[in-house]
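Working notes, structure below.
Number of protein chains: 4
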Amino acid sequence: MDAIIEAAARILEEQGHGGFTTNAVAELAGVSIGTLYQYFPDKDALLGALIARETAGLVEGAEAACMLATGQQALDALVRAAVRHQVRRPRLARLLDFEEARLPLDAGTQVVRSRFVAILAEILARPDFPEQSDIAAATGDVASIMRGMIDAAGERGEQGQDALVARVRRAVLGYLSMPAGSCP
Amino acid sequence: MDAIIEAAARILEEQGHGGFTTNAVAELAGVSIGTLYQYFPDKDALLGALIARETAGLVEGAEAACMLATGQQALDALVRAAVRHQVRRPRLARLLDFEEARLPLDAGTQVVRSRFVAILAEILARPDFPEQSDIAAATGDVASIMRGMIDAAGERGEQGQDALVARVRRAVLGYLSMPAGSCP
Amino acid sequence: MDAIIEAAARILEEQGHGGFTTNAVAELAGVSIGTLYQYFPDKDALLGALIARETAGLVEGAEAACMLATGQQALDALVRAAVRHQVRRPRLARLLDFEEARLPLDAGTQVVRSRFVAILAEILARPDFPEQSDIAAATGDVASIMRGMIDAAGERGEQGQDALVARVRRAVLGYLSMPAGSCP
Amino acid sequence: MDAIIEAAARILEEQGHGGFTTNAVAELAGVSIGTLYQYFPDKDALLGALIARETAGLVEGAEAACMLATGQQALDALVRAAVRHQVRRPRLARLLDFEEARLPLDAGTQVVRSRFVAILAEILARPDFPEQSDIAAATGDVASIMRGMIDAAGERGEQGQDALVARVRRAVLGYLSMPAGSCP
DNA sequence: CATGAATGAGGGTTCATTCAT
DNA sequence: GATGAATGAACCCTCATTCAT
Numbered sequence: 001m002d003a004i005i006e007a008a009a010r011i012l013e014e015q016g017h018g019g020f021t022t023n024a025v026a027e028l029a030g031v032s033i034g035t036l037y038q039y040f041p042d043k044d045a046l047l048g049a050l051i052a053r054e055t056a057g058l059v060e061g062a063e064a065a066c067m068l069a070t071g072q073q074a075l076d077a078l079v080r081a082a083v084r085h086q087v088r089r090p091r092l093a094r095l096l097d098f099e100e101a102r103l104p105l106d107a108g109t110q111v112v113r114s115r116f117v118a119i120l121a122e123i124l125a126r127p128d129f130p131e132q133s134d135i136a137a138a139t140g141d142v143a144s145i146m147r148g149m150i151d152a153a154g155e156r157g158e159q160g161q162d163a164l165v166a167r168v169r170r171a172v173l174g175y176l177s178m179p180a181g182s183c184p
Numbered sequence: 001m002d003a004i005i006e007a008a009a010r011i012l013e014e015q016g017h018g019g020f021t022t023n024a025v026a027e028l029a030g031v032s033i034g035t036l037y038q039y040f041p042d043k044d045a046l047l048g049a050l051i052a053r054e055t056a057g058l059v060e061g062a063e064a065a066c067m068l069a070t071g072q073q074a075l076d077a078l079v080r081a082a083v084r085h086q087v088r089r090p091r092l093a094r095l096l097d098f099e100e101a102r103l104p105l106d107a108g109t110q111v112v113r114s115r116f117v118a119i120l121a122e123i124l125a126r127p128d129f130p131e132q133s134d135i136a137a138a139t140g141d142v143a144s145i146m147r148g149m150i151d152a153a154g155e156r157g158e159q160g161q162d163a164l165v166a167r168v169r170r171a172v173l174g175y176l177s178m179p180a181g182s183c184p
Numbered sequence: 001m002d003a004i005i006e007a008a009a010r011i012l013e014e015q016g017h018g019g020f021t022t023n024a025v026a027e028l029a030g031v032s033i034g035t036l037y038q039y040f041p042d043k044d045a046l047l048g049a050l051i052a053r054e055t056a057g058l059v060e061g062a063e064a065a066c067m068l069a070t071g072q073q074a075l076d077a078l079v080r081a082a083v084r085h086q087v088r089r090p091r092l093a094r095l096l097d098f099e100e101a102r103l104p105l106d107a108g109t110q111v112v113r114s115r116f117v118a119i120l121a122e123i124l125a126r127p128d129f130p131e132q133s134d135i136a137a138a139t140g141d142v143a144s145i146m147r148g149m150i151d152a153a154g155e156r157g158e159q160g161q162d163a164l165v166a167r168v169r170r171a172v173l174g175y176l177s178m179p180a181g182s183c184p
Numbered sequence: 001m002d003a004i005i006e007a008a009a010r011i012l013e014e015q016g017h018g019g020f021t022t023n024a025v026a027e028l029a030g031v032s033i034g035t036l037y038q039y040f041p042d043k044d045a046l047l048g049a050l051i052a053r054e055t056a057g058l059v060e061g062a063e064a065a066c067m068l069a070t071g072q073q074a075l076d077a078l079v080r081a082a083v084r085h086q087v088r089r090p091r092l093a094r095l096l097d098f099e100e101a102r103l104p105l106d107a108g109t110q111v112v113r114s115r116f117v118a119i120l121a122e123i124l125a126r127p128d129f130p131e132q133s134d135i136a137a138a139t140g141d142v143a144s145i146m147r148g149m150i151d152a153a154g155e156r157g158e159q160g161q162d163a164l165v166a167r168v169r170r171a172v173l174g175y176l177s178m179p180a181g182s183c184p
């Protein structure tokens, strides 16, 4: 039931973990608690489904970005997708981010998440970016940078997307164009 | 009682939020639940004390970094301090980071946190770094980048400090040396 | 659930405040503690419901008394109702009386209580009683006299109703027929 | 320790049963909790001592009243003593009244309390009062009337003593002068 | 004698989950 | 399928009481 997942999302972003109870979700969704348990075996399954739904949107954007011709364009679209995703529901995104680390991630979500990283890796390997000696590490770092900056913006309640997109791109490009292993 | 705070730290990093109950903390600390409540008026106060303790170490390192002559040296020391802090107890650091956002942060902790940012701002303003048009934004971004990368490393269970330090420095320097506002 | 309220009544009269715990009430009622809290948001709400239930019976009797033709008859019925109410469960009545003073009496119960006083005022104003210079004070005093005598009888464990009724009537009539303000 | 008893009194009248904890009493008295327990074996003992202290003042007044020549004078003084006692610390008096019923009254307090009734009985037997067919019952009733009216005044927060004294005397004299056993 | 840190049974309350209807 | 009353383990926290110093 989509209504249940959406109710879970709303409760989570409006009340935080404190108010996130199965009963509250069921009530907001307009179904009985029994019905909720018919669709989701337990609370974590509901959370997992919510995470999957949210992550899916992000991956869709990433896949679209991947279609673009140049690396610059693709990266730009990817950053934009990530920012848009976060700006839409910042608190929810942050909370789910945190939950993801705690959950015994079911296979489905795992795949979705690594799909994003795979796409990012493909983009960073494009010829219009400086070649990276360790592409896997670079990919991980870029992902971390994006996540760190975007989460922080959400936490601060930043509103506009464009400024944030510009700054994230600056960070990513700066990282990529900086030679690895410069002296200590 | 330091034993109680340390027990709280251990419970949190070993069992996560789920296992973090006042009774569990008291038991691990080897005191009765009543004793715990004689030192901390409620659960959040205990959490606050733990956050303060952990954050304090980090700020100390930052303050030492601030003493160094050049910006490069100071930044290097700062990154190193942050990495060391995180690598020591990665899970704990991440969980506390999250709690900090939720707590009605008492003044003391607030100060500690903003102190770190203030130090970072001072370092970034040094003459051996490229001048930033918006120093506040740059400071925030650099902090986010550091946090994002270091948290991710902790999440992945990365062990060695040096590689991580090098990569974080690369990201920060890359960001700083990239001119802001390059078009797409 | 009536069973819960009745269990509360029994616990209260058999064990006093000391034994009046939500767990004890639930157990005696034969329901789980969770069920109790589904019907009453907290302990005070349960107490309030019990007070309302007990007071209701008394007011009913008072209202019936009010229908009677003469003041003498009405007063007699009123006293009888109050005595009957108290004699039925003396300890419970006394304890609830006390709690009533402590509770942030919800509107419903407030009304019930003042209703009794209003009825008493109406009865005392009947023409077959001596006219009172300050009817409000007289009403309050008569109510206090009744309550004092009836509570004391309950405390002593007095059993029969008739003797007590006769004595209360004597006190009330004595008060009413005594001119106010006779000097010493 | 008188300071402890007085602290108990103050806590009780200012915070009610809810705040009446041995720790609070000790703190207000300016002694340690250990000291409190050196003087009073347990909480009820402290309460008992407080009751004894308060009741004692009342009995003293009653004994003084008993010395007066006529019944009228003695009764007047007795009522006045009771009212004064209550008006001084109304909430405390009411709470202690209630506790008295619950406590396994130690012999000392028992004696004090029945002493008051004995004095009242003696006064009511004076020749300037109408003769009572059942002097024991009359004594109990008069005591109950006094207590009911005076407690109610305290509950209402009534301030002046004189009006209350006049009304109580009216009630008592009215009761005494009313022939027992008038028709139903 | 005074102290006060320590104790821990027990109290009020929540909430994930079940199951008879 | 849907319902929602019922469950009870577990949580946070209090407070009367003890006892080593």
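Chains as they are written, first to last, in UniProt numbering: chain A, 1 to 184; chain B, 1 to 184; chain C, 1 to 184; chain D, 1 to 184.
Glycine included, C-beta positions come from ideal geometry on N, C-alpha and C.
Because the structure is a prediction, the values reported are computed rather than measured.
| query | result |
| --- | --- |
| For Val112/B, the nearest candidate out of Arg53/B, Gly160/B and Cys66/B (CA to CA) | Arg53/B |
| Local conformation of Glu155/D per DSSP, three classes | helix |
| C-beta contact flag for Ala3/C and Ala29/C at 7 Å | yes |
| Contacts around Ile145/D, its chain only, beta-carbon distance under 7 Å, and the 5 residues preceding and following it disregarded | Ala171, Val172 and Tyr175 |
| Three-state class that DSSP yields for Leu103/A in the structure shown | coil |
| Contact check, Gln86/C vs Gly140/C, beta carbons under 7 Å | no |
| Residue burial classification, residue 215/B (beta-carbon count within 10 angstroms, cutoff 16) | Nothing about residue 215/B can be read from this structure; chain B reaches only from 1 to 184. |
| CB contact check: Leu173/B to chain A, cutoff 7 Å | yes |
| Exposure label - Met178/D; buried when at least 16 CB within 10 Å | buried |
| Helix, strand or coil at Arg126/C [DSSP, three-state] | coil |
| DSSP-derived helix/strand/coil call for Leu92/B | helix |
| Distance, Arg126/C Cα to Leu68/C Cα | 11 Å |
| Neighbour flag for Ile145/C against chain D, beta carbons, 7 Å | yes |
| Which listed residue (Arg167/C, Ile5/C, Asp76/C and Ile51/C) has its alpha carbon closest to that of residue 198/C | The shown model of chain C, from 1 to 184, leaves out residue 198/C, and the question about it has no answer. |
| Nearest-angstrom Cα separation, counted from Ala121/B out to Val168/A | 19 Å |
| Length of the line joining the Cα atoms of Ser32/B and Ala65/C | 60 Å |
| Proximal residues to Phe40/C (C-beta, below 6 Å), its chain only, five neighbours per side dropped | Leu46 |
| Residue range of the unbroken alpha helix (DSSP H) whose run includes Glu6/D | Asp2 to Gly19 |
| Contact residues within the region 48-72 of chain A, judged by C-beta distance below 9 Å to chain B | Gln72 |
| Chain C within 7 Å of Arg170/D, Cβ atoms only | yes |
| Distance between Pro90/D and Thr22/D (C-alpha atoms, nearest Å) | 22 Å |
| Alpha-carbon to alpha-carbon, Ala143/A and Ala74/A | 14 Å |
| Buried versus exposed, by CB contacts within 10 Å (16 or more), Arg147/C | buried |
| Sub-7 Å separation of Ile51/C and Leu96/C beta-carbons | yes |
| Rounded straight-line distance, which links the Cα of Leu103/B to that of Val83/B | 24 Å |
| Given Ala8/B as reference, the closest of Gly34/B, Ala56/B and Ala49/B once Cα atoms are compared | Ala49/B |
| Asp141/A in three-state terms, based on DSSP | helix |
| Beta-carbon neighbours of Asp141/B, restricted to chain A and to distances below 7 Å | Met149, Arg167 and Ala171 |
| is_contact[Ala152/D, chain C] using C-beta, thresh 7 Å | yes |
| Residue closest to Val117/A, alpha-carbon to alpha-carbon, out of Ala101/A, Ala136/A, Thr70/A and Arg80/A | Ala136/A |
| Rounded distance between the beta-carbons of Gly57/C and residue 192/C, thought under 8 Å | The shown model of chain C, from 1 to 184, leaves out residue 192/C, and the question about it has no answer. |
| Proximity test, Cβ basis, 7 Å: Phe98/A and chain B | yes |
| Cα-Cα separation between Asp151/A and Glu27/C, rounded to whole angstroms | 49 Å |
| Which of helix, strand or coil DSSP assigns to Gly57/A | helix |
| Chain B contact residues for residue 199/A, given Cβ-Cβ distances below 8 Å | Only positions 1 to 184 of chain A appear in this structure, which leaves residue 199/A out of reach. |
| Residues that Met178/B contacts on chain A, provided the C-beta gap is smaller than 8 Å | Arg170, Ala171, Leu173, Gly174 and Ser177 |
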